[in-house]
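Residue numbers (the working numbering): 982 to 1789.
Shown next, in the form of structure tokens:
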């Protein structure tokens, strides 16, 4: 299709062209590069342009002869737009002056590492024609073009008619939707208008947020608002309904409330006895309590006393307990295990004996007075691997309970099955959801759900980790529940389909500990996007931003920042890190934002994309885009393709310790070579893992998540197998090795994969030419990509023609 640019915008173009002393073509190239930077932050993005080749005398008789050349320019984000246009002009002149250089000479002369993940050398081609035919039309005009096959991912044709200009775009429909291309043109023209007003503005300060986009964003915020209950003091309320069950025991919540009051009294006495004064609001209460029916009174007692609860799991190793305890000072510690104090060297360990707190008369606790008071702390390393203590307030929990009750129809008729470890923040959600709705709560006896327990408790709602469901063989038992909530990890495709085919009501939740557990939700269906995370909860705000933190529209995959009720107070003991993770939200411009007490936002590092229906797709993490031997690799993308292979029930991709190799952990009965071949059909060679480790199942931590640290690495013998040189078996293999080593500039063997050894599509084409010219053997490029190793290529070439030896 094509768009006719109105005269009103042409006036901006002429003005900007005069200000920057540039041509229309160089301006459009600059504006498009600026658009790419705004949406991806790529500073090095080559574009293709066409130049006439009339410098050679023997071309004079040819009517039209053009070359496609690469325009290479590295954008400096701190430079002004006018400076960037000047750089584009210089690059165009330099490119035209050297457009006749033979490409083979350039390849052989420039000895540099190349990125083989993109082919050809550029994906976007720009062409401009000047046709001096006057036109009287004005305004935008969309013209549908006939279907064609686009040679490049996109080709932009800019035609100047004198008093009118049009932009026509050909694009590959398997890569882009028409709406995306239309938006791209619209934003390039928007940048044209903005740069005509502020050509000296720095590149990293230019925003794509149009007035209409800001208006839509604030309207969505307004429509998503809803009053939510004040959570403070909930621990001091007496639950009038509900029952707590554990194993064969049960106790009414009324009795739980009385017990918690007695424990709270003991806590205050012991604290005053040790520190000489009452504790202060937000002081930590670290506790080690086994999973039992007494667990809930301990939690409620801490809340009644006004402590911030900091649970440490007894399932954790001594090393991990010491690691998290080293973050906290001047806290009280509660345990029912006598050996905990001596093992961990705690300064104040309140060994609570049951006989003591049972003898106490109930006294009212110190009710919390502000929603912003801390409620609990979570010790986690998240996706970064760096341990941290995240502190959350009651305000976020109040809003979360509103959304859970509304989205999953929780009420007094419900029954919650609690299986998540109490050191994980989801535990608190299960507990408080039961309390505010007055429904029964069943504490699972173990770390994984039990079928008998689920059936006997008549449970209706349950949080469960996807890693457990992915390996489960009993799916039908979950169909009796009203809602099965999964979060934290991607569920394997096989389990996903079987659960839905058995009628299991699955809900995908997504979020972060720093934003009170979850931000979005969706009911899963068989045609749901594999990485869909659903719509945003009430009162929460999700804003797409670029790498400079500037707001951008929700049209492209982008980093997101969160705001609204639920932001954690911060990361305990790390003031600088807290400022970086929770910066001030500088986008607040409206009246409704002024009354908000918390003007911060949270940057999670996740990449999301919003669909037309308002639901979000999880694209990946900013820190999951890794460099492996100089090439960008998305670990989540590999996992997605790997899990799509039939008979693979679970998979995980990790980098080796030296960050030079990809390791695939798979639960499957397929041969490794079969998995590798199938994966090679959908991924470029540099994204195919170097090692595949077969496992019966993945190790999990106390929270039910996959324990990445417990995953094995390949044995040293396997690790070094890449470096073993297998000698050639015959003359043909020897000659082929010579060709490959000249191209790859390294020693290789007959069993080495050409692409895993550093080859790319360009070198593959050169290799095919060399094989034909030096060995007189025909090998198609398609066969080269399929065979990949010298051994397989030589097997297919054997018998076609003899290869003469050059040895004396």
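Every residue gets a Cβ at the ideal spot worked out from N, C-alpha and C, and that includes glycine.
Check: residue 1617 C-beta below 8 angstroms from any heavy atom of the ligand ADP = The model on display carries no ligand, and the ligand ADP is accordingly not part of it.
Should residue 1385 be labelled buried (16 or more other beta-carbon atoms within 10 Å of its own) or exposed?
-> Taking the first residue of the chain shown as 1, we reach residue 1385 at position 404. Under this definition residue 1385 is a buried residue.
Say whether the segment 1017-1031 touches the segment 982-993, bearing in mind that this needs 3 or more beta-carbon pairs closer than 8 angstroms, one atom from each stretch.
-> Touching, no.
Cα separation between residue 1281 and residue 1223?
-> The count along the chain shown starts at 1 and reaches residue 1281 at position 300. The count along the chain shown starts at 1 and reaches residue 1223 at position 242. The straight-line gap from Cα to Cα measures roughly 15 angstroms.
Shortest alpha-carbon distance to residue 1145 belongs to which of 1277, 985, 1185?
-> Position 164 of the chain shown holds residue 1145. In terms of CA proximity to residue 1145, 985 leads the group 1277, 985, 1185.
Would you call residue 1111 buried or exposed, if buried means 16 or more other Cβ atoms sit within 10 Å of its Cβ?
-> In the chain shown, the residue the question calls residue 1111 occupies position 130. Burial call: exposed.
To the nearest angstrom, report how far apart residue 1154 and residue 1539 are at their CA atoms.
-> The residue labelled residue 1154 in the question sits at position 173 within the chain shown. The residue labelled residue 1539 in the question sits at position 558 within the chain shown. Roughly 22 angstroms between the two C-alpha positions.
Can you tell me whether residue 1667 is buried or exposed, with buried defined as 16 or more other CB within 10 angstroms of its CB?
-> Here residue 1667 corresponds to residue number 686 of the chain shown, with the count starting at 1. Its Cβ being crowded by 16 or more others within 10 Å, residue 1667 is buried.
Rounded to the nearest angstrom, how far is the Cβ of residue 1523 from that of residue 1499, given a contact under 8 angstroms?
-> Indexing the chain shown from 1 puts residue 1523 at position 542. Indexing the chain shown from 1 puts residue 1499 at position 518. Their Cβ separation, rounded to whole angstroms, is 12 angstroms, which puts residue 1523 and residue 1499 out of contact at 8 angstroms.
Consult DSSP for residue 1022 and reduce its assignment to one of helix, strand or coil.
-> Taking the chain shown and counting its residues from 1, the one referred to as residue 1022 is at position 41. Residue 1022 falls in the coil class under three-state DSSP.
Quick one: grab the DSSP three-state call for residue 1389.
-> For this step, residue 1389 is matched to residue 408 along the chain shown. Here residue 1389 sits in coil by DSSP.
Would you check if there are 3 or more beta carbon pairs closer than 8 angstroms linking the segment 1712-1719 to the segment 1751-1758?
-> Because the criterion of three Cβ pairs below 8 angstroms is met, the segment 1712-1719 and the segment 1751-1758 touch.
Residue environment, residue 1253, which counts as buried when at least 16 other CB atoms sit within 10 Å | One-based indexing of the chain shown puts residue 1253 at position 272. Here residue 1253 is exposed. Its C-beta has fewer than 16 other C-beta atoms within 10 Å.
What are the boundary residues of the beta strand (DSSP E) that residue 1111 is part of?
-> Here residue 1111 refers to the residue found at position 130 when the chain shown is read from its first residue. Residues 1105-1111.
Consult DSSP for residue 1233 and reduce its assignment to one of helix, strand or coil.
-> On the chain shown, position 252 is the one that residue 1233 refers to. If DSSP states are grouped into helix, strand and coil, residue 1233 belongs with the strands.
Where the alpha helix (DSSP H) through residue 1772 begins and ends = Here the question's residue 1772 lines up with position 791 in the chain shown. Run containing residue 1772: 1771-1778, per the alpha helix (DSSP H) assignment.
Per DSSP, cross-strand counterpart(s) of residue 1138 | By 1-based counting over the chain shown, the position of residue 1138 is 157. Note: residue 1138 is bridge-paired with 1108, 1149 in the DSSP secondary-structure output.
Please determine if the segment 1421-1429 and the segment 1391-1411 are in contact, where contact requires at least 3 C-beta pairs separated by less than 8 angstroms.
-> Touching, per the Cβ criterion.
Could you check what DSSP says for residue 1011 in three-state terms: helix, strand or coil?
-> Here residue 1011 refers to the residue found at position 30 when the chain shown is read from its first residue. In the structure shown, residue 1011 adopts helical secondary structure according to DSSP, grouped into three states.
Could you spell out where the alpha helix (DSSP H) holding residue 1415 opens and where it closes?
-> Reading the chain shown from its first residue, position 434 is the one you call residue 1415. Counting along the chain, the unbroken alpha helix (DSSP H) around residue 1415 starts and ends at 1407-1418.
Can you give me the start and stop residues for the alpha helix (DSSP H) that residue 1282 sits inside?
-> Here residue 1282 refers to the residue found at position 301 of the chain shown. Note, residue 1282: alpha helix (DSSP H), 1276-1285.
Residue environment, residue 1655, which counts as buried when at least 16 other CB atoms sit within 10 Å | Working through the chain shown from its first residue, we reach residue 1655 at position 674. With a 10 Å radius around the Cβ and a threshold of 16 neighbouring Cβ atoms, residue 1655 comes out exposed.
Contact check, residue 1583 vs residue 1372 under 8 angstroms by CB: the rounded distance?
-> Translated into the one-based positions of the chain shown, residue 1583 becomes position 602. Translated into the one-based positions of the chain shown, residue 1372 becomes position 391. That belief does not hold up - the Cβ atoms of residue 1583 and residue 1372 are roughly 13 angstroms apart, past 8 angstroms.
Report all residues from its chain with a CB closer than 6 angstroms to the CB of residue 1642; omit the five preceding and five following residues, and keep chain order.
-> As a first step, residue 1642 must be located in the chain shown, where it is residue number 661. So the qualifying residues of the chain are 1671.
Under a three-way DSSP split, which group does residue 1580 fall into?
-> The count along the chain shown starts at 1 and reaches residue 1580 at position 599. Residue state, collapsed to three classes: coil.
From which residue to which residue does the beta strand (DSSP E) around residue 1721 run?
-> As a first step, residue 1721 is located in the chain shown; it is residue number 740 there, counting from the start. Annotation: residue 1721 is outside any beta strand (DSSP E); the continuous alpha helix (DSSP H) that includes it extends over 1712-1725.
For residue 1531 versus residue 1019, is the C-beta distance shorter than 9 angstroms?
-> In the chain shown, counting from the first residue as 1, residue 1531 sits at position 550. In the chain shown, counting from the first residue as 1, residue 1019 sits at position 38. In contact: residue 1531 and residue 1019 (Cβ atoms closer than 9 angstroms).
Find out if the Cβ-Cβ distance for the pair residue 1309, residue 1265 is shorter than 9 angstroms.
-> On the chain shown, position 328 is the one that residue 1309 refers to. On the chain shown, position 284 is the one that residue 1265 refers to. Taking 9 angstroms as the Cβ cut-off, residue 1309 and residue 1265 qualify as a contacting pair.
Backbone CA spacing between residue 1285 and residue 1278 [nearest angstrom] | Within the chain shown, numbered from 1, the residue matching residue 1285 stands at position 304. Within the chain shown, numbered from 1, the residue matching residue 1278 stands at position 297. Between residue 1285 and residue 1278, the C-alpha separation is close to 10 angstroms.
Closest by CA to residue 1653, which one among 1674, 1193, 1663?
-> Counting from one through the chain shown, the residue named residue 1653 turns up at place 672. The shortest Cα separation from residue 1653 among 1674, 1193, 1663 belongs to 1674.
Please determine, among 1071, 1418, 1002, 1534, the residue with the shortest C-alpha to C-alpha distance to residue 1190.
-> In the chain shown, counting from the first residue as 1, residue 1190 sits at position 209. Nearest option by C-alpha distance: 1534.
Please go through the same chain and pick out, in chain order, the residues whose beta-carbon is closer than 6 angstroms to the beta-carbon of residue 1228, but skip the five residues on each side of it.
-> In the chain shown, counting from the first residue as 1, residue 1228 sits at position 247. Non-local C-beta neighbours of residue 1228 in its own chain, meaning closer than 6 angstroms and more than five positions away in sequence, comprise 1426, ordered along the chain.
Residue 1672 lies in the beta strand (DSSP E); which residues open and close that run?
-> The residue you call residue 1672 lines up with position 691 of the chain shown. Counting along the chain, the beta strand (DSSP E) containing residue 1672 begins and ends at 1672-1675.
Cβ-based burial, residue 1460 [other Cβ within 10 Å; buried from 16] | Numbered from 1 along the chain shown, position 479 holds the residue referred to as residue 1460. Taking all protein chains shown into account, residue 1460 has fewer than 16 neighbouring C-beta atoms within 10 Å of its C-beta and is therefore exposed.
Over the uninterrupted beta strand (DSSP E) stretch that includes residue 1421, give me the two end residues.
-> Counted from its first residue, the chain shown places residue 1421 at position 440. According to the DSSP assignment, residue 1421 belongs to no beta strand (DSSP E), since it is labelled neither H nor E.
Simplified DSSP state of residue 1807, which is helix, strand or coil = Not covered by the structure: residue 1807. The range shown for the chain is 982 to 1789.
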